[in-house]
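First up is the structure itself, then whatever we jot down about it.
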Amino acid sequence: MNSVRNNLASTLTDQEVSEIEAEISHLPDRRSAAIDALKIVQKHRGWISDGSLSAIARLLGMSDEELDGIATFYTLIYRKPVGEKVILCCDSVSCWIMGGDKITNKIKSHLNVELGETTEDSKYTLLPVTCLGDCDHAPAMMVGDELHHDLTESNIEEILK
Amino acid sequence: MSETPLTRNIAPGKPPTDLAAYDANGGYQAVRDTIGKVDPDGVLDIIKDSNLRGRGGAGYPTGMKWSFVPKPRPDEGHRYLVANADEMEPGTFKDRLLMEFDPHQLIEGMILSSYTISADRGYIFIRDEYHTAIKRLNDAIKEAENKNYLGDRILGTDFSFHLHVHVSAGRYICGEETALLNSLEGKRANPRAKPPFPQVSGLWGRPTIVNNVETLCNIPHIVTHGADWYQSLGSGNDAGTKLYGASGRVKKPGCWELPIGTSIREILENHAGGMLDGYELKGLLPGGASTDFLVAEPLDLPMDYESIMQAGSRMGTGTMIILDDKTCPVGMIANLMKFFARESCGFCTPCREGLPWVKQILDGIEAGTGRLGDMDILERQSQFIGAISNTHCAHAPGAIEPLSSGLKYFHEDFIAHIENKTCPYTGGAT
Amino acid sequence: MPTIKVDGQELEVKEGVNLLDALLSAGIDVPYFCWHPSMGSIGACRQCAVIQYADEEDTRGRIVMSCMTPVTDNAVFSVDAENAATFRDSVIENLMLNHPHDCPVCEEGGECHLQDMTVMAGHRNRQYEGKKTTYPNQYLGPFIGHEMNRCISCYRCVRYYRDYSGGHDLSAFASRSRVFFGRAADGVLENEFAGNLVEVCPTGVFTDKTLSKHYTRKWDLQSAPTVCQGCSLGCNTYTSERYGEIRRVHNRYHQDVNGYFLCDRGRFGAGFVASSKRIPQSGIRNDQGLYDAVSLDTAITKIQAIISEGTKVVGIGSARASLESNFALRQFVGQENFCNGMTEIDQEMHGIIIDVLQSKLTTPSLTEVEEYDAVLILGEDVTNHAPRLALSVRQATRNLASEMAGNTQIPQWHDAAVRVLAQNHRSPLIVVTPTEDRLDEVASSSMRLMPRDIAELGYALAEEIAGNTTSSTPDVEAIARTLLEAKKPLVISGSSSQSPDILKAAVNLSLALKDRNDRAGIFLCANECNSVGVAMIDNERSISELLSTSPSVVVVLENDLSIRLGQQFSSSISSVNNLIAIDHLDNSTTSASSVVLPAATFAEAEGTLVNSEGRAQRSMAVYKAQDEIKAGYHLIDALAGNERSSTEVRSELSEQIPALAGILKAAPESDFRFEGAKFPRMTHRSSGRTAMRADISVHEPKQPVDEESALSFSMEGNQQQAPASLRAYTWSPGWNSNQSVHKFQSEVGGEYVGGDSGYLLFRESVDIEPFSKSTQAYSALIPRYHIFGSDELSAESEELSTLIPRPYLRINNTTAKNLKVEQGDGLMCTINNGNLQFAVIVDEAIPDNTFVYPIIPETRGMNGISSTDFSRVDDWVQDMDPLSPKTITTDRSS
Ligand SMILES: Cc1cc2nc3c(=O)[nH]c(=O)nc-3n(C[C@H](O)[C@H](O)[C@H](O)COP(=O)(O)O)c2cc1C
Ligand code: SF4
Ligand code: FES
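Residue numbers (this note's numbering), protein chains in the order written: chain Y, 77 to 237; chain U, 4 to 433; chain A, 3 to 896.
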């Protein structure tokens with residue numbers, strides 16, 4: 077909620093608009109597509125800038141506030157730029173028992189970032205995530221769309237080469 | 004070997020089932036035999052008689068839940084069936100298996116369920132991280148649509164059902180069924196007050212049923228083989244099979260379909276292979292993060308709703324998290340409270356304000372800066388947050404279960420932290 | 003009525019309410035935050051917990067939220083049970099973890115709901131030693147301050163702002179213990195009812211900046227029950243002052259009028275009292291045309307001399323002056339020499355409004371408006387001309403939701419559930435106006451028509467509903483069907499259209515509807531705070547008519563004639579030898595007068611007003627006027643050599659004008675006492691009166707005496723026992739905030755114990771005939787109202803004036819082409835010897851050669867300008883959006 081917004085209201089691409097409209101088509105009203113629309117635009121742009129947010133809000137007939145209230149609720153809508161790949165590092169209980177903290181610390185030192193930060197080369201953003209449903213292979217993490225599990229301090233470097 | 008209807012198409016190394024493979028093993032037979040042929044009320048009776056209880060955590064009888072859906076009136080608008088595939092409960096990894104390896108089973112279950120409650124629209128609400136499951140479900144839906152198992156006038160009958168996969172944007176609370184509905188409506192996922200129940204006013208204010216993936220996967224088998232067969236699968240009071248799991252320092256962590264009511268000992272020793280060498284069992288959370296600890300003695304308890312309840316916990320999702328003797332229980336509870344505080348939706352006071360305070364105190368104790376007075380605060384806060392109806396939804400009461408049971412069972416561990424001003428354990432976090 | 007048992011006591015409670023509501027109504031204190039009597043329950047704060055037992059035998063019971071619990075017969079509860087009390091204590095303790103201890107500098111201090119509830123819940127000792135969460139604050143405009151750290155996340159603000167009043171630019175952001183309530187970015191809150199956030203917020207997050215600027219604790223304010231002067235609806239307010247300066251305006255609950263909410267014009271529009279244009283003293287114009295400040299006595303003597311020399315003395319009254327002042331003037335100049343100060347068109351329209359009020363047609367109160375399940379707005383700009391009514395209309399569109407909830411057994415107070423169930427289903431609202439309307443977004447259909455066509459539509463609807471026609475357009479048929487299918491249809495129209503024809507059509511339509519459905523209603527919005535009242539005093543002759551009788555002396559009471567006469571102003575008064583102006587602020591009329599007398603504003607003088615529904619209401623003086631400023635009626639009495647109290651003026655008024663006799667019932671007169679005592683304007687804890695002058699002298703000066711009313715400028719007396727019209731503030735032991743109002747209501751949201759203030763004047767019904775269609779001449783210039791700027795007085799309030807739009811002309815492309823301009827260019831005309839420049843806004847919904855312009859201070863006098871008077875501005879630079887000239891500043895001190 078910064079007072080200065082990068083409000084160069086961007087326009088959505090035809091591709092984005094048609095994907096959003098496709099979602100709207102099976103919903104009772106346009107606003108119901110809010111989360112889908114945010115995800116579609118994020119898929120194309122990596123994150124949701126204030127400008128993207130305004131453009132989506134207009135397309136759905138909502139105010140910026142209405143849409144941003146939704147966007148900021150969800151952890152997987154990024155309202156700040158992220159790296160090329162987001163590392164979602166499980167910090168839930170099963171992974172924790174299996175030494176998940178050590179893995180996270182290893183990733184932090186390997187990439188020289190803290191949780192919530194992006195590497196200097198913009199390749200990775202490191203975020204914590206809720207249990208990835210892979211507890212029988214804990215510790216686990218996702219790098220981009222890919223799930224990695226049975227993590228050890230030694231296989232981290234290989235994965236994040 | 005007992006029957007494993009839910010995982011009959013799933014085996015290590017076996018590829019996920021497509022429509023052909025599913026069909027070959029009797030898939031969609033229940034749909035063909037039921038839609039337009041059996042009265043929906045007849046199906047409802049079978050489900051009621053089967054004594055199927057919801058596998059999402061609360062164990063509410065499915066047939067009973069469905070029976071509260073009002074009878075349809077002409078032209079009244081859509082009615083919805085939602086599969087809860089959010090699976091974010093820490094320690095839980097069962098729905099993923101069902102969706103990734105046998106997506107048609109869920110779809111068939113949803114077709115039959117929606118037929119029973121006269122729903123014409125369905126959503127599978129799935130977490131974003133389940134990329135593989137999302138893709139396989141979407142592919143399977145296409146296949147089913149091509150065969151007219153889904154879509155308008157299914158198999159030439161009057162019944163239509165459209166199914167969509169909705170991919171979530173994160174947040175554990177979305178798994179709470181009313182928060183899930185708000186999220187499906189494109190809103191902030193704050194839970195709704197009940198009553199009114201979703202059966203009466205759910206998605207977009209219309210009658211809606213939300214069921215867990217595993218619950219829905221049971222439906223085709225019950226419809227095909229009948230209530231008696233289903234009852235006979237389980238042992239004890241409960242019916243059917245259950246996907247049980249174990250994670251933590253056991254030899255073979257994993258997920259297995261077993262008769263409901265299988266004992267904890269059997270799951271732990273026969274299926275999970277017992278504790279890793281050098282580790283002792285100290286306690287366990289029987290059904291995911293939001294259940295009370297059980298400590299070593301009740302190993303012979305059957306894992307069914309009643310038995311676990313009587314032992315002071317809940318069966319929850321049936322996926323156990325094992326605490327060993329080298330892992331710090333205080334650290335484990337601190338980890339859980341961090342999770343629950345972070346996942347609070349922020350709507351009601353006890354949860355929004357209470358959990359972060361609890362977390363702060365636990366962090367302090369774990370770090371060796373705790374004081375004896377902290378124990379009173381933890382006790383008071385867990386009373387405050389812990390009871391159902393103290394909060395707006397079940398998130399906070401669930402969150403407190405490991406803490407309040409932990410305070411009881413691991414009291415000495417807490418005191419040791421406080422008195423020695425350090426964590427005596429080397430396992431787990433350290 | 004269900005009977006419940008609470009801590010052993012049997013209570014009969016109202017059917018269908020929630021337990022919290024029932025307990026508060028029964029006088030049992032239960033702390034709460036998120037529940038609000040007008041907004042229902044959501045169960046977020048968990049503060050209102052009590053124990054519910056399964057039956058009399060049950061000793062354990064379980065915690066329930068009283069606001070979420072229906073009252074059912076024989077239900078057993080406990081408020082006092084120890085576990086309930088402990089739980090409520092914990093709720094406060096947890097809410098306070100992050101609440102800053104900044105009460106000493108908080109605007110809410112001393113009237114803070116959170117403070118009250120903390121004490122009530124018994125929370126004393128802090129155990130939390132962690133860091134407190136902090137947030138950035140935002141600039142929300144000139145009216146409302148933002149201090150997010152004080153937030154307790156009760157969600158009332160967003161529920162009020164978005165769900166209740168239809169705003170879009172306030173949200174809850176983020177989640178968990180980081181929920182943030184604000185805008186997406188700094189900027190002026192857009193909703194016209196944003197000011198209520200100040201009262202809706204139970205802590206000091208949303209605060210009244212106009213108060214903060216010269217802050218005074220609630221207990222040090224001297225207040226009076228006042229009636230808003232901002233429009234014709236007569237919302238009840240508390241106006242508060244210190245050191246003779248108005249500090250704030252607050253909502254004064256009235257069951258039938260404003261309920262719990264005001265509009266921002268009402269809340270922030272009283273600043274004109276301290277405007278730099280305020281006339282502090284009498285003035286006599288000297289030979290150089292400048293004014294010499296003189297004593298009131300000198301001025302009076304001078305005027306008396308002028309009058310004795312003059313041949314004919316006439317008086318022009320005013321729709322923004324009290325009944326008392328208008329009546330005194332009429333007495334002074336004689337009935338045949340008096341005019342009520344309205345334009346001819348206004349007089350015709352208000353004649354129609356009075357006809358309707360007298361007739362068998364039903365005019366609902368604002369709260370009753372909320373009960374109508376189909377509303378047609380015919381040409382009235384509700385949001386900008388009668389703002390509080392728009393809030394009621396919004397609630398009316400929720401009747402379908404209530405009905406759906408009823409059918410589904412969802413209680414009406416279960417706010418979130420009712421909204422989920424209803425989704426976008428709303429009761430029909432049809433908005434027919436010349437330009438887009440704020441209510442369009444909740445309307446089932448909107449039509450853009452020019453006044454002439456709106457009148458035509460109204461007449462056609464009347465014919466259709468009466469069954470007098472067989473050939474209606476599909477639009478007419480559809481609207482008629484909607485109105486006929488409704489259980490309670492309502493037609494809203496009013497004087498902002500400046501078209502008597504539209505009003506007539508609305509009346510004809512309502513008569514036809516009434517024949518078909520006795521529950522049909524009509525609401526006609528009058529123009530100003532006392533338009534109906536002054537039209538009841540006299541509606542005989544217009545200003546021009548009166549001026550054409552060649553008077554030598556014209557006494558003008560609180561009226562800027564340049565607004566009524568427009569381009570004819572100068573010529574009309576040129577032949578008048580002596581214009582005598584009595585007013586609060588400098589304007590074209592005072593500038594053209596020989597003598598000016600300083601009239602007290604509503605804040606300094608008692609007066610009676612009649613609102614659009616015919617309700618007479620007394621507004622009380624807040625403080626004694628400075629020096630020589632006097633109430634209009636006192637100044638006129640002085641001219642007449644008379645000396646009467648307002649009570650005496652009213653008593654003569656009620657005798658001479660029987661239709662207004664009821665005004666005596668609007669409030670008790672000055673001799674009214676409770677146990678021999680008057681009613682205090684100051685709280686019993688006021689440190690102000692005794693400490694205010696302590697640095698000068700420890701001897702407390704005698705307080706001014708109020709001879710006009712039963713109120714005193716003092717803290718002595720008994721406020722708790724005051725009748726509603728004499729209650730100067732709301733306070734009850736343990737309830738220091740405005741939430742204490744329920745202590746004075748017969749039940750939560752009901753009328754005041756002892757009756758509400760004010761009196762409905764029209765009680766008998768006369769038959770009226772449909773009007774015949776007239777052929778009104780329509781101007782090509784269509785004025786549009788703006789909540790900020792169109793009202794003469796409030797526009798002079800400092801903060802409000804920053805939100806007044808800049809002059810604009812809305813025209814279509816063809817008109818623009820003809821004038822060789824396009825969007826963003828400028829047009830100008832000559833008005834009152836000056837040039838006025840307008841920004842061009844191209845709007846295709848407007849017909850050819852039609853000009854829509856705003857009623858704002860610069861355009862007062864547009865009356866008489868014609869479409870040919872506009873020409874292109876060659877060196878035009880547009881530096882801001884004319885419709886939102888809001889400058890955003892992040893400077894927290896502003
Ligand atoms: C905080 C919270 C999270 C939940 N998450 C899930 C979930 O991820 N998956 C699920 O099936 N049920 C979850 N539930 C339970 C659901 O609210 C609901 O009871 C369930 O989906 C009903 O399905 P069933 O009757 O088939 O068990 C959760 C409940 C709570 C209170
Ligand atoms: S218990 Fe927690 S998650 Fe549930 S409504 Fe309250 S704040 Fe939200
Ligand atoms: S007032 Fe009842 S929960 Fe807030």
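C-beta: ideal position from N, C-alpha, C; glycine also.
request  = Could you tell me whether any Cβ in chain U is nearer than 8 Å to the Cβ of phenylalanine 89 of chain A?
outcome  = Phenylalanine 89 of chain A counts as touching chain U.
key: 3 or more residues per run - each beta strand (DSSP E) lying fully within the region 724-798 of chain A   = 783-786
query = Are the region 85-105 of chain U and the region 64-71 of chain U in contact at 8 Å, needing three or more beta carbon pairs?
reply = no
key: Interface flag, histidine 427 of chain A vs chain Y, CB-CB below 8 Å   = no
request  = Mind listing the chain A neighbours of tryptophan 360 of chain U? Cutoff is C-beta to C-beta under 8 Å, in chain order.
outcome  = Asn96, Leu99, Tyr130, Gly132
task = Please list, in chain order, all residues of the same chain as arginine 81 of chain Y whose beta carbon is under 8 Å from its beta carbon, the five residues on each side excluded.
result = For arginine 81 of chain Y, the predicted structure reports a pLDDT of 41, less than 50, and the residue's modelled location is therefore unreliable. A value from the coordinates is still provided. Once the five neighbours on either side are set aside, the close Cβ partners of arginine 81 of chain Y are Asp126.
inquiry  = Which residues does DSSP list as the beta-bridge partners of serine 447 of chain A?
reply    = A/Ile432
message = Between the alpha carbons of aspartate 40 of chain Y and leucine 381 of chain U, how many angstroms are there, rounded?
response = With chain Y covering only 77 through 237, there is no way to say anything about residue 40 of chain Y.
task = Compute the distance between the beta-carbons of isoleucine 494 of chain A and serine 512 of chain A, then report whether it is under 8 Å.
result = no
task = Compute the Euclidean distance between the alpha carbons of glutamate 608 of chain A and serine 621 of chain A, then round it to the nearest angstrom.
result = 6 Å
task = To the nearest angstrom, report how far apart serine 896 of chain A and valine 624 of chain A are at their CA atoms.
result = Low local confidence applies: a pLDDT of 34 at serine 896 of chain A is under 50, so the model's placement there is unreliable, with the coordinate-based value given in what follows. Looking at the backbone, the Cα of serine 896 of chain A and that of valine 624 of chain A are separated by about 27 Å.
query = At a Cβ cut of 8 Å, what residues of the region 109-120 of chain Y count as close to chain U, listed as they run along the chain?
reply = The residues in question are Ala109, Ala110, Ile111, Asp112, Leu114, Lys115.
task = Could you say if the region 16-25 of chain A and the region 408-417 of chain A meet the contact criterion of at least three C-beta pairs nearer than 8 Å?
result = yes
task = Check the Cβ-Cβ distances between glutamate 92 of chain Y and every residue of chain A, and say whether any is below 8 Å.
result = no
request  = Give a yes or no on whether the minimum CB-CB distance between serine 139 of chain Y and chain A is below 8 Å.
outcome  = Yes - at least one Cβ of chain A is within 8 Å of the one on serine 139 of chain Y.
query = Does the beta-carbon of isoleucine 890 of chain A have 16 or more other beta-carbons within 10 angstroms, so that it is buried, or is it exposed?
reply = Note that isoleucine 890 of chain A scores 47 on pLDDT, short of 50, meaning its location in the model is unreliable; the coordinates nonetheless yield the value given after this. Classification for isoleucine 890 of chain A: exposed.
message = Buried or exposed, going by whether 16 or more other CB atoms sit within 10 Å of the CB of histidine 788 of chain A?
response = buried
query = Cβ atoms of alanine 601 of chain A and glycine 634 of chain A: under 8 Å apart, would you say?
reply = yes
ask   = Would you call the region 126-133 of chain U and the region 8-18 of chain U in contact, with 3 or more CB pairs under 8 Å?
value = no
task = Under 8 Å by Cβ, that's how I've got glycine 535 of chain A and valine 612 of chain A pegged, so tell me the actual separation to the nearest angstrom.
result = 3 Å
query = What does histidine 395 of chain U touch in chain A if you count any residue whose Cβ is under 8 Å from its own?
reply = Gly45, Ala46, Arg48
key: heavy atom of ligand 2 below 7 Å from histidine 395 of chain U C-beta   = yes
task = Could you tell me if glutamine 108 of chain U is buried or exposed, where buried requires 16 or more neighbouring beta carbons within 10 angstroms of its beta carbon?
result = Buried: at least 16 other Cβ atoms inside 10 Å.
ask   = Looking at the C-beta of alanine 249 of chain U, does it have a partner C-beta in chain A at a distance below 8 Å?
value = no
message = Is leucine 441 of chain A close to chain Y? Criterion is C-beta to C-beta, closer than 8 Å.
response = no
query = Leaving out the 5 sequence neighbours to the left and right, which residues in its chain are closer than 7 Å to asparagine 193 of chain U when beta-carbon positions are compared?
reply = Counting only Cβ-Cβ distances below 7 Å, and skipping sequence neighbours, we find Ala182, Asn185, Cys348, Phe350.
query = CB-CB under 7 Å to phenylalanine 274 of chain A, same chain, minus the five flanking residues each way: which ones, in chain order?
reply = Excluding sequence neighbours, phenylalanine 274 of chain A sits near Leu587, Leu795, Ser796, Glu798, Ser799.
ask   = Buried or exposed: where does leucine 55 of chain U fall if 16 or more other Cβ atoms within 10 Å of its Cβ makes it buried?
value = buried
message = Strictly under 8 Å for the Cβ-Cβ distance: is threonine 352 of chain U near chain A by that measure?
response = yes
Contact set for asparagine 78 of chain Y: own chain, Cβ-Cβ below 6 Å, skip 5 residues either direction = In this predicted model, asparagine 78 of chain Y has a pLDDT of only 33, less than 50, meaning its place in the structure is not dependable; the value taken from the coordinates is given anyway. Taken in chain order, the list of residues that qualify is empty.
task = Kindly give me the distance between the Cβ atoms of leucine 223 of chain Y and leucine 202 of chain Y, rounded to whole angstroms, as I take these residues to be in contact under 8 Å.
result = Not a contact, Cβ separation roughly 16 Å.
ask   = How do the region 67-81 of chain A and the region 422-432 of chain A stand: do at least 3 beta-carbon pairs fall below 8 Å, yes or no?
value = no
task = Given a cut-off of 8 Å, decide if threonine 135 of chain U and leucine 97 of chain A are closer than it, judged by their beta-carbon atoms.
result = no
message = Does chain A have any CB closer than 8 Å to the CB of glutamine 363 of chain U?
response = yes
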